[in-house]
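Trainee: Mapping to our numbering: the sequence shown position 89 is 566, numbers consecutive. The structure is given below, and queries will be raised subsequently.
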Amino acid sequence: MATRNKRRIVASSSAQELPEEMLTEVFLRLPVKSILRFRAVCRSWAAVLSSEEFCGLHLEKAKAATTPKLFFTAPTTGFDAMALYLGSSSGPDDDLLFTLDDVCGDFVDMTPAPCHGLTLLFDSLAPAYYVFNAATRAVTRLPPCQDVYFATAGLGFDAQTKEFKVVRLFIGECFDKQHIKCEIHTLGGKHGDCWRPASQGVPFRFCRAAEGAVCHSIRDKLLPVFAGGFLHWFVHPSFALKRPRAGILSFSVTDETFRWVQSPPFVPPGVRFEVVDGHLGMVREREVSGLHLVELAGQLCMLRDLRNASRDCSMLEIWRLEDSGGWSLLHQINLLQHVARDLIEAPIVKVIGSIGNCISKNKVVIVTSKSMTLCLIL
């Protein structure tokens, strides 16, 4: 016993001799599991490893990792549960994060990217919501919510209160006075383990847009995107009714209020000009499809797939929402210069995220409906 105590004293005294900056640099290179264990070493380590500054630095360092990893699901051997893996393109040693009983992967949706390390998972059959941390493999099932067929939810972070909020838009009973509703679940918050109405509800002027956001999210299996403190739902022109073009319904996670954001100033179909037989003529285009939102390097962007506008077009556009509220065309990606033709012919092509901290000098991750994943350098 005396020998063991002596070893502890020596280890503690050696650690104290190291400069605090050096210890922090060592801690930043450790995996989350090790950091959680090291919090129990002493009070000073617990204070450093639990501080907001350290957690932010560790998260940024993890984002800068060179090897991209994606979540993917697979049935278990008994086909009565779903397994969630974290894999990369570097090899077959994919990590099993956890399994969920009585969950079918074909009916599961996840938020496009982790929000400060947490990811929201939705099982549409139950229905049930889960929040998990891929670093610690911790998974929590949220309390039951009102069972409705038409609902969409996203996960956001309140920078003021340092709380995570799951925001849910859903269409209630048709005989309700206001059938479009918004509920919030705050993880570990003062409101307890329950769902509550948003502080200001859904104002009447946003009801039609909110209904369109729910319908579009369900039809195209697109969950809202979190960026700049807001959750953003894309609203397709077919759901916007009186609005001239597509738009975005945004929800402030801090203030719990809605706002409307116009889409980029796209040239509408039918006004593309080409030289035909030596004369400038107007060529009628088909309607552009494949619009969706994505968060790239912390900024809200919209991807526009132009392949459906013209038979010979293989172009993708990425538009970025500026702080002023306007849009700028950030990138034009010609798929023919990067991938094979069979991938270009995939009905659905989506940009799901980026690798790197600078949006102008990073890589974008593209997935297709042909189960292919690409990483393109912009």
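Note that beta-carbon positions come from the ideal geometry of N, C-alpha and C, so glycine has one too. Fair warning: this is a prediction, and the values are worked out from it, not measured in the lab.
#1: From Thr-553 to Pro-604, what distance separates their C-alpha atoms?
#2: What are the start and end residues of the beta strand (DSSP E) that includes Gly-724?
#3: Determine the extent of the alpha helix (DSSP H) in which Phe-515 is found, giving its start and end residues.
#4: Is Ser-527 near Arg-520, with beta carbons less than 8 Å apart?
#5: Is Asp-600 closer than 8 Å to Phe-575 when the C-beta atoms are compared?
#6: Taking buried to mean at least 16 other C-beta atoms within 10 Å of its own C-beta, is Phe-683 buried or exposed?
#7: Going by C-alpha distance, which of Lys-546, Leu-783 and Leu-807 is nearest Pro-824?
#8: Let me know the secondary structure DSSP gives Phe-647 once reduced to three states.
#9: In chain order, which beta strand (DSSP E) runs of at least 3 residues are fully inside the stretch 600-666?
#10: Can you check which of these residues, Pro-621, Leu-807, Asp-586 and Val-841, is closest to His-815 by C-alpha distance?
#11: Ordered along the chain, which non-local residues of its own chain (more than five positions away) have a Cβ less than 6 Å from that of Arg-795?
#12: Looking at C-alpha atoms only, which residue of Ala-630, Met-559 and Asp-557 is the closest neighbour of Phe-703?
#13: Please report the Cβ distance between Met-563 and Asp-557, rounded to the nearest whole angstrom; I am assuming they are in contact, meaning their Cβ atoms lie under 8 Å.
#14: Taking Cys-592 as the reference, give the member of Cys-581, Asn-610 and Gly-582 with the closest Cα.
#15: What is the DSSP secondary structure of Ala-774, counted as helix, strand or coil?
#16: Whole angstroms is fine: what's the gap from Gln-655's alpha carbon to Val-518's?
#17: First and last residue of the alpha helix (DSSP H) that includes Ser-694?
#18: Have a look at His-709 and Pro-496 and give me their C-alpha separation to the nearest angstrom.
#19: Return the CA-CA distance between Lys-658 and Gly-649, expressed in angstroms with no decimal places.
#20: In angstroms, rounded to a whole number, what distance separates the CA positions of Gly-857 and Lys-642?
Mentor: On the basis of the data shown:
#1: Position 76 of the sequence shown holds residue 553. Position 127 of the sequence shown holds residue 604. Rounded to whole angstroms, Thr-553 to Pro-604 spans 20 Å at the Cα level.
#2: For this step, residue 724 is matched to residue 247 along the sequence shown. Its beta strand (DSSP E) spans residues 724-729.
#3: As a first step, residue 515 is located in the sequence shown; it is residue number 38 there, counting from the start. Per DSSP, Phe-515 belongs to the alpha helix (DSSP H) from 509-515.
#4: Locating residue 527 in the sequence shown gives position 50, counting from the first residue. Locating residue 520 in the sequence shown gives position 43, counting from the first residue. Result no, Cβ atoms of Ser-527 and Arg-520 do not sit closer than 8 Å.
#5: On the sequence shown, position 98 is the one that residue 575 refers to. On the sequence shown, position 123 is the one that residue 600 refers to. No, the Cβ-Cβ distance between Phe-575 and Asp-600 is not below 8 Å.
#6: As a working note, residue 683 is residue 206 in the sequence shown. By the C-beta density criterion, Phe-683 is buried, having at least 16 other C-beta atoms within 10 angstroms.
#7: As a working mapping, residue 824 is identified with position 347 in the sequence shown. Here the closest residue by C-alpha is Leu-783.
#8: The residue given as residue 647 occupies position 170 in the sequence shown. Strand.
#9: Taking only runs of at least 3 residues, the beta strand (DSSP E) segments lying wholly in the stretch 600-666 are 605-610, 615-618, 628-635, 640-648 and 657-663.
#10: Indexing the sequence shown from 1 puts residue 815 at position 338. Residue Val-841 is the option with its Cα nearest to His-815.
#11: For the purposes of this step, residue 795 is taken as the residue at position 318 of the sequence shown. Strictly speaking, residue 795 in this sequence is Ile, with Arg absent from that position. Within the same chain, Ile-795 has close Cβ partners Cys-778, Leu-780, Leu-807 and His-808.
#12: The sequence position of residue 703 within the sequence shown is 226, counting from 1. Nearest C-alpha to Phe-703: Ala-630.
#13: As a first step, residue 563 is located in the sequence shown; it is residue number 86 there, counting from the start. As a first step, residue 557 is located in the sequence shown; it is residue number 80 there, counting from the start. A quick correction: the sequence has Leu, not Met, at residue 563. The Cβ separation is near 22 Å, so there is no contact.
#14: The sequence position of residue 592 within the sequence shown is 115, counting from 1. When each option's Cα is compared against that of Cys-592, the closest is Asn-610.
#15: Taking the sequence shown and counting its residues from 1, the one referred to as residue 774 is at position 297. In the structure shown, Ala-774 adopts coil according to DSSP, grouped into three states.
#16: Here residue 655 corresponds to residue number 178 of the sequence shown, with the count starting at 1. Here residue 518 corresponds to residue number 41 of the sequence shown, with the count starting at 1. Using only the alpha carbons, I get a separation of about 54 Å.
#17: What you label residue 694 is simply residue 217 of the sequence shown in a count that begins at 1. First-last of the alpha helix (DSSP H) with Ser-694: 681-697.
#18: Sequence index remark: in the sequence shown, residue 709 carries index 232 (1-based). Sequence index remark: in the sequence shown, residue 496 carries index 19 (1-based). Roughly 44 Å between the two C-alpha positions.
#19: As a working note, residue 658 is residue 181 in the sequence shown. As a working note, residue 649 is residue 172 in the sequence shown. One C-alpha to the other measures close to 7 Å.
#20: Lying before the first or after the last residue shown, residue 857 is absent from the chain, which here runs from 478 to 855.
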